[in-house]
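Residue numbers (our numbering): 199 to 947.
As structure tokens, the structure follows; a few thoughts come after it.
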Amino acid sequence: MSTSSPITDLERINRLPWLAAADILNTAFFLLTFSGSIFLLFLDELGLGNSQIGFLLSLIPFCGIVAPFIAPVISRLGYKRVYITFWTLRKFVISLLLLTPLIIVRFGANWAFWWVAGVLLVFALCRAIAETGGYPWKKEAVPDPIRGKFTAINSMLSTVAGILVTVGASYVIGVGSGLNRYMLLISIGIVIGFISVWCYAQVPGETPTAKSEDDHGHLHGMKQALHDREFMFFLGALGLATLGGTAVISFVPLFMKEQVGLSESNVVLLNIGTYTGALLSSYLWGWAADRYGSKPIMQSSLALMLFLPIAWFLMPRHQEVSPMLAMGIAIVAGVATLAWQISWMRYLFVNAIPAEQKSPYTAVYYAWYGFVSGLGPLLAGQLLDLSHDLRADFLIFAIDPYTPLFGASIFLLSMGVVAVTQLHSAEATPFRRFAGMFVRGNPIRAIESLIQYNLSGDEMTRVFTTERMGDARNPLSSRELIEALSDPSFNVRYEAIRAIGRMPAEPELVDALLDILAQGHSELSFVVIRALGRLGDPRAIPALRQLLFSGYHMLEANSARALAMLGDEESAAHFLEKFRTERNQVLRIAYISALGKVRSGQAIAEIFAVLAQTEAEVQRGEIGLALARIAGDERYYMQQWRLLRASPTTATAQALLALHKLIKPAEFSELAALTQASAQAFAAGDSVQGVELLHQMICQIPSNRLEQTLVEILETCAVNLVQFGDTRFEIILLALHTLDLALKQLNGQ
């Protein structure tokens, strides 16, 4: 056994470009030789039926069933060694497809099917052996913390390569004819395939481990995998999605050619749409998988995949818009299938397979995946042959041989969605919360700000992007805002706290702010307290109550405001105590505001006394608002406040006329007359007379039929109207507000 030191994550990361290059070249290899629309059109060119094509497509995945039987041997020989050896051998095997034209010439077209089947069978066995070693090796080659991002970047680069290959192949197929065009493409693919093997060889091998003397440990590991509920649920979800998705997509090129009426070159060009969708979304899906876990991405991708068979079924046939619509659906298919691939592969490596049992678990997975991947095309081909004569029109819908296939796809994908919901993942964000991130606030601005934040260097840029993340009000930027709370710059930390205060009340944001409070008092404590109040999460109440008795008067007043914003009525007694003992006039107003917010009417007379002593108009306005809240709903007060500030006498007259409509003349005739007279006085600009009549109106209200709080506020308003006349518009406004509430109460509203 080798005793060489383990390979570090840093060394693996430094070699990842070789793995990416190899995967890119391998993408070109399989697109040109045995996978995708090119290979499907090649089989169609041979004159094979749907059942034969389905059989050939199933051969490659079916051979994965050998994985459990060969995994112990591969483990002993070395994962990378086996992978490179058989990955190379399969290139030589696939080269035998180039002899297909000679087979047709020598033995006839019927023998072409058996020749291709034989080549694919041997090729598939080599591929299965290689990948049985490749999965455990690649699990180690890519560190888990960056697996999602690497997969996304790798997919982007492979997608670009796929687009270039597709464009070139479409041109070759369009200008050529017969089998020769496919032979040329396969030849190019084989050369590229050999180069990809050389690149794979540059990637570090697996960490040396002690090898078992027999197969008992491996068999025990496979038995453990079969009894692992989470692993089996994952395999079930993977199987349903593979049968419902991959199997159908395999035959879409033929559907486009036979039913929709696209040319062969246009069918190949649809791959560009698929690659474009994958390219545009790959980094987003990889980033999201690493950040929020694999499960919500799996659920999102299956929801998108459910759209595909419905869209294909509804496609117009042989119309000018058909190619354009097909391309649009192909783009969605690229987004959905890549999201599914990134998410389920990440779940497999990070969540489903234990590191200490990677070989037996991988063998079980690969065998199952091979079985369902092979079963899908086989059953799809049989279903297409059975429904070959199906032709009908129902309303505006065209029923054809592919309709049962699309229906089966919808059913299987729906079952896959149900299965994925049963998976457990401690790291995963719940699907509803994940999906909500893209509909709350401004997700586009949030993503833009995230990119800017991660690229920013100087302080002002960090402050600016942190502010924008708060303006977006989208939880996608929660982690960056939490990170900004630890920024070395005070200004960035300050802006991060303010930004969090404008965000939705995510639990991690509240916890981050509470952690800052727990670290002790600082300049930022005031901003944190205000942010906690704005977030509205009641979990902040205990910490804020402690600050209410911290001994720092400014902190205590700010805590009272925040607790009031959180609706902490239990702290009303503390607000009242602080209000009565505080000597600072400004801080007393803070406690008055808190009492108003929780509608505590125990100190109405004392609050009016402070209002009478206050000279600053803004402060009087805040005290008036607190009293309005104690009386009832503040909306009337604020609506009239804006109007009275713009045009005091006219707005007051209009408000009095509106009150007049609430008065029942038969019951309160004198009150109705006073109201009308007061409105006319204000309308004429005689505010002194108007206030005097307003005072008389209050005296006419039957106090015995009102709540005591309203009675106390009205009576005190009447006293203040006499004292201040028309010089204090907040007293007039408060009187109108309380009269509105009183009249509605008298009317039983």
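Each residue gets a CB set at the ideal place from its N, CA and C atoms; glycine is no exception.
Keep in mind that this is a model prediction, so the values were computed, not measured.
Residue burial classification, residue i (beta-carbon count within 10 angstroms, cutoff 16)
{"i": "D656", "result": "exposed"}
{"i": "D591", "result": "exposed"}
{"i": "W566", "result": "buried"}
{"i": "Q921", "result": "exposed"}
{"i": "W538", "result": "buried"}
{"i": "T349", "result": "buried"}
{"i": "L611", "result": "buried"}
{"i": "E910", "result": "buried"}
{"i": "H168", "result": "Residue 168 falls outside the range modelled here, since the chain spans only 199 to 947, and no answer is possible."}
{"i": "F267", "result": "exposed"}
{"i": "F927", "result": "buried"}
{"i": "V450", "result": "buried"}
{"i": "P270", "result": "buried"}
{"i": "G718", "result": "exposed"}
{"i": "K862", "result": "exposed"}
{"i": "A807", "result": "exposed"}
{"i": "D993", "result": "This structure gives no information on residue 993, because the portion of the chain shown stretches from 199 to 947."}
{"i": "Q555", "result": "buried"}
6 Å CB neighbourhood of residue i in its chain, flanking five on each side removed
{"i": "G799", "result": "I828, T907"}
{"i": "C397", "result": "W216, A219, A220"}
{"i": "A824", "result": "I790, S791, G794"}
{"i": "I470", "result": "I361, T364"}
{"i": "L208", "result": "none"}
{"i": "V340", "result": "F348"}
{"i": "E780", "result": "R786"}
{"i": "L502", "result": "A534"}
{"i": "G331", "result": "I272, Y277, V280, Y281"}
Endpoints, the alpha helix (DSSP H) within which residue i is located
{"i": "D242", "result": "234 to 243"}
{"i": "D591", "result": "Segment 590 to 592 is the beta strand (DSSP E) holding D591; no alpha helix (DSSP H) there."}
{"i": "F505", "result": "492 to 512"}
{"i": "I649", "result": "641 to 653"}
{"i": "D685", "result": "Neither: D685 is in no alpha helix (DSSP H) and is coded neither H nor E."}
{"i": "M381", "result": "378 to 398"}
{"i": "G374", "result": "Careful: G374 lies outside any alpha helix (DSSP H) and carries neither H nor E."}
{"i": "N212", "result": "207 to 231"}
{"i": "S541", "result": "520 to 544"}
{"i": "A633", "result": "629 to 634"}
{"i": "I344", "result": "From DSSP, I344 is part of no alpha helix (DSSP H); its letter is neither H nor E."}
Beta-carbon proximity list for residue i, same chain, < 7 Å, skipping 5 on both sides
{"i": "Q874", "result": "H858"}
{"i": "L536", "result": "S353, A476, S479, S480, W483"}
{"i": "G245", "result": "A307"}
{"i": "A826", "result": "E832, Y835, L932, H935"}
{"i": "L382", "result": "V370"}
{"i": "A940", "result": "I899, L904, L908, L912"}
{"i": "R379", "result": "V370, I371"}
Whole-angstrom C-beta distance between residue j and residue i, which should lie under 8 Å
{"i": "I388", "j": "I292", "result": "6 Å"}
{"i": "M613", "j": "A644", "result": "At roughly 34 Å, the Cβ-Cβ gap does not stay under 8 Å, so M613 and A644 are not in contact."}
{"i": "L576", "j": "S233", "result": "Not quite, the Cβ-Cβ distance comes to about 16 Å (not below 8 Å), so this is no contact."}
{"i": "A322", "j": "I263", "result": "That belief does not hold up - the Cβ atoms of A322 and I263 are roughly 10 Å apart, past 8 Å."}
{"i": "Q457", "j": "D598", "result": "5 Å"}
{"i": "S769", "j": "R743", "result": "6 Å"}
{"i": "S498", "j": "L460", "result": "Actually they do not touch by this definition, with Cβ atoms about 29 Å apart."}
{"i": "E428", "j": "A550", "result": "7 Å"}
Neighbourhood of residue i by C-beta distance below 8 Å, restricted to the same chain and skipping five residues each side
{"i": "F237", "result": "T231"}
{"i": "L581", "result": "P602, L603, A606"}
{"i": "F595", "result": "F511, L512"}
{"i": "S687", "result": "E657, R660, V661"}
{"i": "D583", "result": "G247, N248, S249"}
{"i": "Q665", "result": "For the sequence presented, residue 665 should be read as Glu rather than Gln. Within the same chain, E665 has close Cβ partners E693, R696, A697."}
{"i": "N652", "result": "E678"}
{"i": "S684", "result": "R691"}
{"i": "L318", "result": "F232, L254, L257, I258"}
{"i": "T298", "result": "L244, A310, W313, V314, L377, M381"}
Residue-chain proximity (residue i, chain C), Cβ-Cβ < 7 Å
{"i": "L919", "result": "Checking the listed chains, one finds no chain C in this structure; it contains a single protein chain."}
Every unbroken alpha helix (DSSP H) within the stretch 858 to 944, with a cutoff of 4 residues, ordered by chain: 867 to 881, 885 to 898, 906 to 922, 927 to 944
Inside the stretch 404 to 472 only - beta strand (DSSP E) runs reaching at least 3 residues: none
Alpha helix (DSSP H) runs wholly inside the stretch 236 to 314, at least 4 long, in chain order: 248 to 260, 265 to 275, 277 to 292, 298 to 305
Segments assigned alpha helix (DSSP H), at least 4 residues, entirely inside the stretch 811 to 836: 815 to 829
Runs of beta strand (DSSP E) lying entirely within the stretch 577 to 611, each at least 3 residues, in chain order: 590 to 592, 595 to 597
Ordered list of alpha helix (DSSP H) runs contained in the stretch 754 to 805, each at least 4 residues: 770 to 779, 783 to 795
Within the stretch 665 to 727, ranges of the alpha helix (DSSP H) (whole runs, at least 4 residues): 676 to 682, 688 to 699, 705 to 716
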